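Data block below; observations after.
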């Protein structure tokens, strides 16, 4: 068995995989199965950026300094508080002779593995970033391993837009798979908590295209109006996803009963019990938020005597990037939502 | 929609479910759908007991004092560090007029919902416990809600044994369900990390009875000898479950390739990546350990480009208690392992 997963890049502690490591070696010299990317832009994970922005009270210069500090110390953009990273965009600079990745020098690509395990060096001090957005213009280099996932950017959309889509492309692909699995047993209803966000709007779109009746649950009237205007869900409800009674009541009212599938796309802690209560017996909860607590989910379902299947939202499903890009092509409303997010709204 | 889930017992913060609450009210007066249990014995969650024992360097009196402090402060045995609890055994003392639970006054029962959401008062200072075992003789009372899960103790096994079985009864039931789901697509192989433990030995037994070829992965030669002598697995391998390369190599060697289903029953942090690497594409990882990190699992699978379904081990599957008791009846070797654990080995 071979493990083309970057073990030679792990500095500390020795012997763990890159994601678990405290520090990676981002040296530019390539191993035989590695690829070096010339970095153009980082896209920070939403939970990570929110934590940094809140910690520094919106002081962009302080956020920028902390990102530089993290990358300089750890050799990767791995937020030690949230445990999350993000992804990046760039150009293939060199390809090791034994790399299995389907890229060549000069390809403009996005990395679809987390920044938490991607060796990264930044050389421009992030001079082009004001610290106020998840999208970070950056110069430097990053390293991909043999078993990394990388996508060549589509010709028909701007890089920033494609990056924002790729960042959450696991959500619609897994939602599609789960909805189609349940569809063999009858009509499927889907509740998406955080339906107006990036992963949420794509999950809603995937669920509807897979034949489900959908409700998007959002936190504010502004989000409700946005999602209603976009027409991405059959129903839109307002509820605080952290309030189990409120969110499960809202879902039951919108769908006429609990959901077959509940998708959690809200990047705040405490949404586990509401998602469980909102889901029918025999149904499935997919947790995509990195703020999910494993023990709250496990003990919550047990404590509520809820016979629901609970999935850790795996960011990798074969073909996920192409699937998500296709959704954005097919739905102008989704594309408009993403363009607005990329523009900073 | 009604929520018979104990909302009236939540003191702080208001409006959350009992498991999420910092403090519950363990008053003995019952609501209409509640049941009061006269407590006989607590069974602490393995991760919780281990944390307390390690914190106090094996000083039983200090462990006892901290358990009393937690229950006195929180109104429940909810370890604030591990987030886990356990379960209890006792006798039904009073049944509210609207309780849907299938119990009557005088029934000797085990609660199958976590202690993290069960209002509890202790009245004997745990005088009968030396603080050196997960099994805690105790006097006091506990409260069950309408949607709690409770099982009347079987006549043919001691209460301590039944409690130890019930405590992990979600693991074999969910393992059985997942293995049977995969069996439609061909032969199934199952790796159980921590196969010599309580949940692990039951998961191995359930997997084999469901038709799978099995390997139990254990951490020491002593555990290997125990599990081999018990004959519960087709293969037994030694590997540190926290070392992804070691554990996945051991599983591949024992089974001739990665496992269709990997079950994580090791109550230490850091087992996520090994479980993912040990599992075949299209396979399933079931995380039963409360030490599981959600983000390590989600980002690990993404970073390893692993198309595996990852399940949060839901402690509730309909019929799980009867299923686990039946496994113990059918397998004298499992019963012997549990009896040894209960006796303190």
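Protein chains in written order, with the working numbering: chain H, 1 to 345; chain V, 1 to 345. Glycine included, each C-beta is placed from N, C-alpha and C at the ideal position. Source: prediction; values computed, not measured.
query: Suppose the cutoff is 7 Å on Cβ atoms and the five residues either side in sequence are ignored; what does the same chain contact list for residue 168/V look like?; result: 198, 199 and 202
query: Kindly indicate which residue of 95/V, 68/V, 13/V and 57/V has the alpha-carbon position closest to the one of residue 37/V.; result: 95/V
query: How big is the Cα-Cα spacing for residue 246/V and residue 260/V?; result: 18 Å
query: Taking the straight line between their C-alpha atoms, what separation do you get for residue 345/H and residue 19/V?; result: Low confidence applies here, because residue 345/H scores a pLDDT of 49, under 50, leaving its location unreliable; read the following figure in that light. If I take the Cα positions, the gap works out to 36 Å.
query: Taking the Cβ atom as the reference point for each residue, do residue 171/H and residue 265/H lie within a distance shorter than 8 Å?; result: yes
query: For the 8 Å Cβ check, are there 3 or more pairs between the segment 315 to 322 of chain H and the segment 285 to 305 of chain V?; result: yes
query: Just list the residues that DSSP pairs residue 38/H with in beta bridges.; result: 91/H and 141/H
query: According to DSSP, simplified to helix, strand and coil, what is residue 302/V?; result: helix
query: Return helix, strand or coil for residue 98/H, following the three-state DSSP convention.; result: coil
query: At a Cβ threshold of 8 Å, is residue 243/H touching chain V?; result: yes
query: Between residue 370/H and residue 42/H, which are expected to be in contact by the criterion C-beta below 8 Å, what is the C-beta distance as a whole number of angstroms?; result: For chain H, the structure presents residues 1 to 345; residue 370/H sits outside this window and is missing.
query: Exposed or buried, what is residue 2/H when buried is set at 16 or more other beta-carbons lying within 10 Å of its beta-carbon?; result: The pLDDT assigned to residue 2/H is 47, lower than 50, so where the model puts this residue is not dependable, and the model offers no usable value.
query: Determine whether the Cβ of residue 1/H lies closer than 8 Å to any Cβ atom of chain V.; result: Interpretation of residue 1/H is limited by its pLDDT of 39, a score under 50 that renders its predicted location unreliable; the figure taken from the coordinates is listed afterwards. So, interface residue.
query: For chain H, is any of its Cβ atoms less than 8 Å away from the one on residue 314/V?; result: yes
query: Once DSSP output is grouped into helix, strand and coil, what is the label at residue 221/V?; result: helix
query: Helix, strand or coil for residue 103/V? Go by DSSP, reduced to three states.; result: coil
query: Could you work out which residue in 131/V, 81/V, 173/V and 309/V is closest to residue 57/V when comparing CA atoms only?; result: 131/V
query: So if DSSP puts residue 12/V in a beta bridge, which residue, or which two residues, is it bridged to?; result: 23/V
query: Can you find a C-beta in chain H that's less than 8 Å from the C-beta of residue 51/V?; result: no
query: Would you kindly report the start and end of the unbroken alpha helix (DSSP H) that includes residue 248/H?; result: 244 to 255
query: Which of the three DSSP states is assigned to residue 199/H in this structure?; result: helix
query: Can you tell which of 4/V, 166/V, 234/V and 152/V has the C-alpha that lies nearest to the C-alpha of residue 105/V?; result: 152/V
query: Identify, in the order they occur along the chain, each residue of the same chain with its Cβ nearer than 6 Å to the Cβ of residue 23/V, setting aside the five sequence neighbours on each side.; result: 11, 12, 74 and 75
query: What separation, rounded to the nearest whole angstrom, lies between the Cα atoms of residue 4/V and residue 34/V?; result: 9 Å
query: Could you pull out every unbroken alpha helix (DSSP H) segment of at least 4 residues lying fully inside the segment 32 to 79 of chain V, listed in chain order?; result: 46 to 55 and 60 to 74
query: Leaving out five residues before and five after residue 311/V in sequence, what residues of the same chain have Cβ atoms less than 8 Å from its Cβ?; result: 174, 178, 284, 285, 286 and 287
query: Please report whether the beta-carbon of residue 297/H lies at a distance below 8 Å from any beta-carbon of chain V.; result: yes
query: For residue 116/H, name the three-state secondary structure that DSSP assigns.; result: helix
query: What does residue 54/V touch in chain H if you count any residue whose Cβ is under 8 Å from its own?; result: In chain order: nothing, as chain H lies at least about 18 Å away.
query: Whole angstroms is fine: what's the gap from residue 21/V's alpha carbon to residue 25/H's?; result: 43 Å
query: Decide if the segment 106 to 125 of chain H is in contact with the segment 265 to 279 of chain H; the criterion is three or more beta carbon pairs, one per stretch, under 8 Å apart.; result: no
query: Per DSSP, which one or two residues make a beta bridge with residue 287/H?; result: 264/H and 312/H
query: What's the gap between the Cα of residue 195/H and the Cα of residue 272/H?; result: 16 Å
query: Is the separation between the beta-carbon of residue 165/V and that of residue 90/V shorter than 8 Å?; result: no
query: Could you tell me whether the Cβ of residue 119/H comes closer than 8 Å to any Cβ of chain V?; result: no
query: Looking only at DSSP bridge pairs, what is residue 29/V linked to?; result: DSSP lists no partner for residue 29/V.
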